[in-house]
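Enquirer:
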Amino acid sequence: MIHKKSHDLFSLIENLIPGGVNSPFRSFNEVGGQALFMSYGQGSSITDIDGNEYIDYVGAWGPLILGHRPSCVIKALYSIVENVMVTGAPHILEYEFALKITQIMPSIAKIRFVNSGTESCMSALRLARGYTGRDLVLMFEGGYHGHIDITLASYNHQSSQGIPANVKGNTLMARYNDIESVAELFKKFKDKIAAVIIEPVAGSMSVVKADLQFLKDLRQICFDNNTVLIFDEVLTGLRLALGGAQGLYNIEPDITCLGKILGGGMPIGAYGGRADIMDYLMPNGQVYQAGTFSGNPLSMACGLAIVGELQNPDIYRKLENLGHYFENEFNSFCKEMNYPVLMQRVGSMFSITFSSKAIFNFADSEFIDKDKFAEFFHKVLAQGVYLPPSAYDAACFSYAHSDNDIAKTLEIFKTALKEIFA
Ligand SMILES: Cc1ncc(COP(=O)(O)O)c(C=O)c1O
58 MIHKKSHDLF
68 SLIENLIPGG
78 VNSPFRSFNE
88 VGGQALFMSY
98 GQGSSITDID
108 GNEYIDYVGA
118 WGPLILGHRP
128 SCVIKALYSI
138 VENVMVTGAP
148 HILEYEFALK
158 ITQIMPSIAK
168 IRFVNSGTES
178 CMSALRLARG
188 YTGRDLVLMF
198 EGGYHGHIDI
208 TLASYNHQSS
218 QGIPANVKGN
228 TLMARYNDIE
238 SVAELFKKFK
248 DKIAAVIIEP
258 VAGSMSVVKA
268 DLQFLKDLRQ
278 ICFDNNTVLI
288 FDEVLTGLRL
298 ALGGAQGLYN
308 IEPDITCLGK
318 ILGGGMPIGA
328 YGGRADIMDY
338 LMPNGQVYQA
348 GTFSGNPLSM
358 ACGLAIVGEL
368 QNPDIYRKLE
378 NLGHYFENEF
388 NSFCKEMNYP
398 VLMQRVGSMF
408 SITFSSKAIF
418 NFADSEFIDK
428 DKFAEFFHKV
438 LAQGVYLPPS
448 AYDAACFSYA
458 HSDNDIAKTL
468 EIFKTALKEI
478 FA
């Protein structure tokens, strides 16, 4: 496979854009080499500027649940730009989309649309602090909630410099799937914790499912302590089910953060939940949050189109069946061959985890063999499979992926593993 055009362009772009990328997880730093310039996507496939075609399991890092350029979204986009692009005033589609979300996610009584998942988590945390009059935020090691100071204070794979010490001092860290670690912090900081923020299925320390009892206990602790429970469903919302992970677990958070799929491919974020909390937002209340492009008609129109399509339950059934097959085949093969690799999967999110033991929290994820993953990543890329360039981050497949795509991918995965462990 030749990547000449990509490499030539990369040597130009890195002089202008740090690391050549506008978001670091796009870079190949973790696996070595240079990111590829992608220029065309259709259904389950993506093509780079050198004309190489790949089966795409990045899915734009989550949004593309129906694959690239689904016709419902393209139609919605053309039809809205005939009338307007952005207004800076209320638009009827904001009402229609808000109504739709409140219908599919019963925990959301009121919602605010913003422009990214980061913005939604940042705003939800500020709102929780304003509502409770408390400063502390509890999150989980290995959690990712966008590039906001509060949660980048986290001890995880995305830890960053530039976070003021006093911000770090307001972030408490518990262990995922370990309710004792949460209870201890609530005991130590009684009546001081404004919010707990959690991904009900974590996607940045391999794909890790929260234990049902753990989430139930978390719900109860937050309730007992008047702490706002925030489910970060930026990645899981509309991906695992129409009603998100919370629908599958049957647990209602106080606030939910959404993004990614919600915009049908256009930039979007949203946070919503209990009306009494949401009404603390200006102009009703005293918590500020604003945005020039928030709730813009293009994102609303494309979001409505994709959610409309996702109301067909066959889509989630097919994703689960395909995922089940993919996981079973892959894990049986690794077991049979005695390879220390496993697929951790929930719905259409999965990770190829180079570890001999399953991952339940961040500490477990430290044992992932990053070097072996890097080798695997490049071997499968050369055969036409595009995975996230990270040993930890979730890969996604879509409704556009066919049985044939999965079968072909499995063959490529098996060959790569045989070469690695030969
Ligand atoms: C769980 C979760 N929360 C928040 C974010 C941030 O979203 P965005 O990249 O749209 O700012 C992400 C992005 O990957 C995410 O996976």
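Reminder that position 141 of the sequence shown reads as 198 in the working numbering, one-by-one numbering, no gaps. For glycine and all other residues, C-beta sits at the position ideal for the given N, C-alpha and C.
Applying the 10 Å Cβ sphere with the 16-neighbour rule, what's the burial state of residue 226?
Expert: Exposed.
Enquirer: What are the complete alpha helix (DSSP H) segments, minimum 4 residues, inside the region 112-161?
Expert: Taking only runs of at least 4 residues, the alpha helix (DSSP H) segments lying wholly in the region 112-161 are 128-138 and 149-161.
Enquirer: Could you pull the start and end residues of the beta strand (DSSP E) that residue 277 belongs to?
Expert: From DSSP, residue 277 is part of no beta strand (DSSP E) but of the alpha helix (DSSP H) over 269-281.
Enquirer: Secondary structure at residue 266, three-state DSSP: helix, strand or coil?
Expert: In the structure shown, residue 266 sits in a strand (DSSP, three-state: E or B).
Enquirer: Can you give the beta carbon distance from residue 431 to residue 89, rounded, assuming they're within the 8 Å contact cut?
Expert: 6 Å between Cβ atoms; contact.
Enquirer: Output yes or no for whether 8 Å exceeds the beta carbon distance between residue 259 and residue 233.
Expert: Result yes, Cβ atoms of residue 259 and residue 233 sit closer than 8 Å.
Enquirer: Whole angstroms is fine: what's the gap from residue 281's alpha carbon to residue 140's?
Expert: Each residue's alpha carbon lies about 50 Å from the other.
Enquirer: Give a yes or no on contact between the region 431-442 and the region 109-124, applying the rule of three or more CB pairs nearer than 8 Å.
Expert: The region 431-442 is in contact with the region 109-124.
Enquirer: Extract the residue ranges of the beta strand (DSSP E) inside the region 276-364, only unbroken runs of 3 or more that lie entirely within it.
Expert: Taking only runs of at least 3 residues, the beta strand (DSSP E) segments lying wholly in the region 276-364 are 285-289, 312-316 and 326-330.
Enquirer: Whole angstroms is fine: what's the gap from residue 116's alpha carbon to residue 393's?
Expert: Looking at the two C-alpha atoms, the distance is approximately 30 Å.
Enquirer: Classify residue 470 as helix, strand or coil using the three-state DSSP reduction.
Expert: Reduced to three states, the DSSP call for residue 470 is helix.
Enquirer: Alpha carbon to alpha carbon, how far is residue 362 from residue 344?
Expert: Going by the C-alpha atoms only, they are around 31 Å apart.
Enquirer: Please name the residue or residues paired with residue 255 in a DSSP beta bridge.
Expert: Residue 255 is bridged to 288.
Enquirer: Here's a check: name, in chain order, each residue in its chain whose Cβ is nearer than 6 Å to the Cβ of residue 236, leaving out the five neighbours to either side.
Expert: For residue 236, where only same-chain residues beyond five positions count, the Cβ hits under 6 Å are 271 and 274.
Enquirer: State yes or no: is the C-beta of residue 381 nearer than 7 Å to some heavy atom of ligand 1?
Expert: Every heavy atom of ligand 1 is 7 Å or more from the Cβ of residue 381, so no.
Enquirer: Please identify the residue among 434, 294 and 391 whose C-alpha is closest to the C-alpha of residue 403.
Expert: The option with the nearest alpha carbon to residue 403 is 294.
Enquirer: Distance, Cα to Cα, residue 94 vs residue 75?
Expert: Rounded to whole angstroms, residue 94 to residue 75 spans 15 Å at the Cα level.
Enquirer: Kindly examine ligand 1 and report whether one of its heavy atoms sits closer than 7 Å to the Cβ of residue 256.
Expert: Yes, Cβ of residue 256 sits closer than 7 Å to a heavy atom of ligand 1.
Enquirer: Ordered along the chain, which non-local residues of its own chain (more than five positions away) have a Cβ less than 8 Å from that of residue 192?
Expert: Excluding sequence neighbours, residue 192 sits near 186, 227, 249 and 251.
Enquirer: Count the other C-beta atoms from every protein chain shown that fall within 10 angstroms of the C-beta of residue 121, then say buried if there are 16 or more, exposed otherwise.
Expert: Buried, by the Cβ-count rule.
Enquirer: What distance in whole Å lies between the Cβ atoms of residue 320 and residue 174, which are believed to be in contact at a cut-off of 8 Å?
Expert: The pair is not a contact, with the Cβ atoms about 10 Å apart (cut-off 8 Å).
Enquirer: List the endpoints of the continuous beta strand (DSSP E) containing residue 105.
Expert: It spans 102-105 - the beta strand (DSSP E) in which residue 105 sits, taken as one unbroken run.
Enquirer: For chain D, is any of its Cβ atoms less than 8 Å away from the one on residue 331?
Expert: Considering every chain present, this structure includes no chain D. It has just one protein chain.
Enquirer: Apart from the five residues just before and just after residue 168, which ones in its own chain have a Cβ nearer than 6 Å to its Cβ?
Expert: Around residue 168: 155, 158, 327 and 329.
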